[in-house]
Structure formats: structure tokens, C-alpha cells
Amino acid sequence: MSNSAGTSIKEQNKSAASSLLKRNVRKFMNNKLALFGLIVVVMIAVACIVGMVIGVDYNTPVLPDMKKPPSGIHLFGTDTIGRDLLARVLVGGCYSILIGVFCAVMSSVIGAALGAVAGYFGGKTDTILIRISEVFQAFPQLVLVMMLVAIVNKRGLGNLLFIFVLTGWMTTFRMVRNEFMSIKGETYVKVCEAFGMSRNNIMFKQILPNVMSPIIVSTTTNVAFFILQEAALSFIGLGVADSTPTWGNILNAAKSVSVVTNQWWIWLFPGLAISLFVLAINFLGDGLRDVLDAKQQ
10 MSNSAGTSIK
20 EQNKSAASSL
30 LKRNVRKFMN
40 NKLALFGLIV
50 VVMIAVACIV
60 GMVIGVDYNT
70 PVLPDMKKPP
80 SGIHLFGTDT
90 IGRDLLARVL
100 VGGCYSILIG
110 VFCAVMSSVI
120 GAALGAVAGY
130 FGGKTDTILI
140 RISEVFQAFP
150 QLVLVMMLVA
160 IVNKRGLGNL
170 LFIFVLTGWM
180 TTFRMVRNEF
190 MSIKGETYVK
200 VCEAFGMSRN
210 NIMFKQILPN
220 VMSPIIVSTT
230 TNVAFFILQE
240 AALSFIGLGV
250 ADSTPTWGNI
260 LNAAKSVSVV
270 TNQWWIWLFP
280 GLAISLFVLA
290 INFLGDGLRD
300 VLDAKQQ
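Residue numbers for the sequence shown follow the working numbering, so the first one is 10 and each next one is one higher.
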């Protein structure tokens with residue numbers, strides 16, 4: 010009897026999980042903006058990856074083809090020294106998306122872990138972590154990043170990733186801390202504590218799944234933010250090295266007045282890639298928030 014009862018409970022749990030998954034998928038599919046965001050993100054990411062894998066020539070200058078407008082040979086035209094702009098946008102997308110996704114995920118992991126510790130334990134632990142976050146937030150983030158870039162005094166992808174992660178965890182930290190402080194007094198948390206469950210299990214297995222919505226929103230927002238941040242820094246010459254064709258570095262070649270007025274394609278296509286990807290990732294994040302919000306289940 011006990012075996013049959015256990016099997017029945019497992020089957021009910023599987024059925025409930027399958028029903029929840031179907032309902033979430035249906036809910037996501039009904040969100041037109043989220044679906045549009047997913048399609049655009051996948052299309053741009055796949056195109057950039059395919060361009061990188063097949064090895065498009067993005068770095069060989071062809072002087073006779075300098076500043077050529079879009080044509081059948083060069084669909085996006087060429088830049089100021091004759092390099093194919095489509096190839097550079099595709100390869101640059103790989104670097105820009107890598108920067109955005111890696112920094113957003115790592116900063117969210119750090120922020121969520123520190124926010125969980127601060128919100129659950131409170132007291133001196135919370136005070137210390139809050140003060141540390143306030144030190145970082147005392148400066149505008151772009152100014153802080155520029156200061157750290159100047160201190161490091163070396164333009165490189167690794168340094169930029171480190172600086173973005175170091176300065177990007179505070180938003181997630183604040184949200185997760187606030188959620189933990191409001192949830193840790195719930196009945197189910199007190200029951201877990203009464204049964205002697207370890208603090209790590211309570212924090213990361215019982216409470217954290219209920220605060221995934223703000224983490225998802227923060228992560229997706231940070232993907233767009235870090236892509237824009239990299240583009241801004243590269244545009245003013247403080248991002249990655251010029252040899253790395255990020256979307257920001259491609260735009261950097263179009264900052265002169267003559268290029269802006271006479272060679273519109275050099276700034277239009279990388280600018281469109283940045284704008285479209287950032288808009289799509291925000292639509293996708295909003296849709297995932299609505300689907301995965303535990304409070305709506």
C-alpha cells in the first residue's frame with residue numbers, strides 16, 4: 010500500500026509539474042512582445058555565432074573599397090579603411106553579447122549570494138554589506154567604471170569583464186536583500202528552522218526560488234545595460250582594444266562629423282544592431298518575469 014501511495018504521489022507531482030510547464034509556455038506564447046524579443050535575440054545571436062564560426066573576413070582592409078555604400082558585394086557597405094561592415098557587425102556582436110551576458114550573469118550571482126546572506130542574517134553582516142554597496146553606489150556607475158579603467162591603465166576584454174562584474178552587482182543585491190528580509194518571517198521558513206534544516210538549505214533551496222523574479226529582471230536589464238556600457242566606453246576610447254570589433258568599437262570609427270553626415274551606413278547598422286538587441290532582450294526579460302514570478306503561480 011505504501012509503495013502504491015508513494016507512486017501515486019510521484020505521478021501527481023509529475024502531472025502538476027507538466028501542467029505548470031504547459032501553462033507557463035502558453036502564457037509566454039501569448040505575450041507577443043516577449044515572443045518577438047525571443048525571436049530577435051535568437052536570430053541575432055545565431056547570425057553572429059555563424060559569422061564567427063565560418064570565419065568571415067572582418068579585419069582585412071581593402072583600400073580601393075573605402076567608404077563604399079551598401080551593395081550586392083558588401084550588404085552593409087564598408088568602413089573608413091575598406092573592411093566589410095556586415096562581417097564586423099556579426100563578429101562584433103559575438104563580443105558584445107558575450108560581454109553583456111557574462112557580466113550580467115556573474116554580477117547577478119554575486120549580488121544574489123550577498124543579498125541572501127545580508128537579508129537572512131541581518132545585524133552586523135547586513136550592515137557591513139550595505140556599507141560596501143553604498144561605497145560603490147556613491148559614484149555614478151559610468152564614472153566609477155571610467156576611474157577603474159584609468160587605474161588599470163590597460164584596454165582589454167578581461168579587464169573590462171572584471172570591472173563590469175565588480176561594479177554591477179549592487180542592484181541585484183538590494184532587491185534580493187529586501188525580498189529575503191520580507192520572506193524570512195514566513196511560516197514555512199520558521200517550520201524549516203524548527204525542523205533543524207541548515208541555513209544554507211533554507212536560504213538557497215527554500216527562499217531563493219521565491220525571489221527569482223527580481224533576479225531575472227535584474228539580469229536581463231543588466232545584459233542590455235552592459236552592452237550599452239561597453240558601447241559607450243569603446244566610443245570614447247576606454248573600452249576594449251581597437252583590434253576587438255565590438256559594436257562599440259565599430260561605432261567609434263563613425264564619430265567624426267564627416268562620416269556621420271556622408272557615410273551614414275557606418276554608424277547606422279551597428280547602431281541598429283545595438284538598439285534592436287537591447288530592446289529585444291528587455292522584452293524577453295519582461296515576459297520571463299511574468300511567467301516565472303512565483304507569486305503568480
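A virtual CB, placed ideally from N, CA and C, is assigned to each residue, including glycine.
Note that the coordinates shown come from a computational prediction; the quantities given were computed from them, not determined experimentally.
DSSP state of M10, grouped into three classes?
-> Because the pLDDT at M10 is just 45, under 50, the model does not fix this residue reliably, and the value given afterwards should be weighed accordingly. Three-state DSSP puts M10 in coil, outside helix and strand.
Using three-state DSSP, classify T136 as helix, strand or coil.
-> helix
Identity of the residues DSSP links to D251 by a beta bridge | None, per the DSSP bridge assignment.
Going straight from the alpha carbon of A14 to that of F286, what length do you get?
-> Because the pLDDT at A14 is just 48, under 50, the model does not fix this residue reliably, and the value given afterwards should be weighed accordingly. Rounded to the nearest angstrom, the two C-alpha atoms are 50 Å apart.
If you compare alpha carbons, which of D93, R298, F292 and D299 is closest to V50?
-> F292
C-alpha gap between M10 and Q215, whole angstroms | Below a pLDDT of 50, predicted positions are generally treated as unreliable, and M10, at 45, falls in that range; the measurement from the model is reported next regardless. Going from the Cα of M10 to the Cα of Q215 covers about 31 Å.
What's the call for K193, buried or exposed, on a 16-neighbour Cβ count within 10 Å?
-> buried
Select from V100, A127, P254 and F85 the residue whose C-alpha is nearest the C-alpha of L189.
-> The residue asked about is misnamed: residue 189 is Phe in this sequence, not Leu. For the residues V100, A127, P254 and F85, the minimum Cα distance to F189 belongs to A127.
Segment limits, alpha helix (DSSP H) that includes V41 | Per the sequence shown, residue 41 should be read as Lys rather than Val. Unbroken alpha helix (DSSP H) run through K41: K41 to I63.
Just confirm the distance between the C-beta atoms of V268 and T89, as a whole number of angstroms; I'd bet it's less than 8 Å.
-> 7 Å
Got a sec? Which residues, its chain only, sit under 8 Å from S207 by beta carbon, not counting five neighbours each side?
-> none
Near K77, what residues of its chain come up, given a Cβ to Cβ distance below 7 Å and the 5 sequence neighbours on each side ignored?
-> H83, G86 and T87
What's the C-alpha gap between M184 and P223?
-> 7 Å
Taking the C-alpha atoms as reference points, what is the distance between S284 and N209?
-> 40 Å
Beta-carbon proximity list for A250, same chain, < 7 Å, skipping 5 on both sides | R164 and G165
Pick out whichever of F278, R298 and G294 has its Cα sitting closest to the Cα of D93.
-> F278
Rounded to whole angstroms, what's the CA-CA distance from F213 to L72? Just pull it up for me.
-> 58 Å
So is E1 buried or exposed if we call it buried at 16+ other beta carbons inside 10 Å?
-> Absent from the model: residue 1. The displayed extent of the chain is 10 to 306, so no value can be given.
Across which residues does DSSP place D93 in a beta bridge pair?
-> T87
For V71, three-class secondary structure by DSSP = coil
D299 by DSSP, collapsed to three states: which one?
-> helix
Going straight from the alpha carbon of G81 to that of L288, what length do you get?
-> 29 Å
Exposed or buried, what is I67 when buried is set at 16 or more other beta-carbons lying within 10 Å of its beta-carbon?
-> First, the residue type needs correcting, since residue 67 is Tyr and not Ile in the sequence shown. When all chains shown are included, Y67 counts as buried.
Report the residue from W178, T228, I245 and A43 whose alpha carbon sits nearest the alpha carbon of Q150.
-> W178
What does a CB cutoff of less than 7 Å around V110 pick up in its chain, not counting 5 residues either side in sequence?
-> V232
If you check the beta carbons only, do A263 and W274 fall under 7 Å apart?
-> no
Local Cβ density within 10 Å of A203, reported as buried at 16 or more and exposed below that = exposed
Rounded straight-line distance, which links the Cα of A54 to that of G167 | 21 Å
What is the DSSP secondary structure of Q238, counted as helix, strand or coil?
-> helix
Enumerate in chain order the residues of its own chain whose CB-to-CB distance from P254 is below 8 Å, with the five nearest sequence positions on each side excluded.
-> Y67, N68, R97, V100, G101 and Y104
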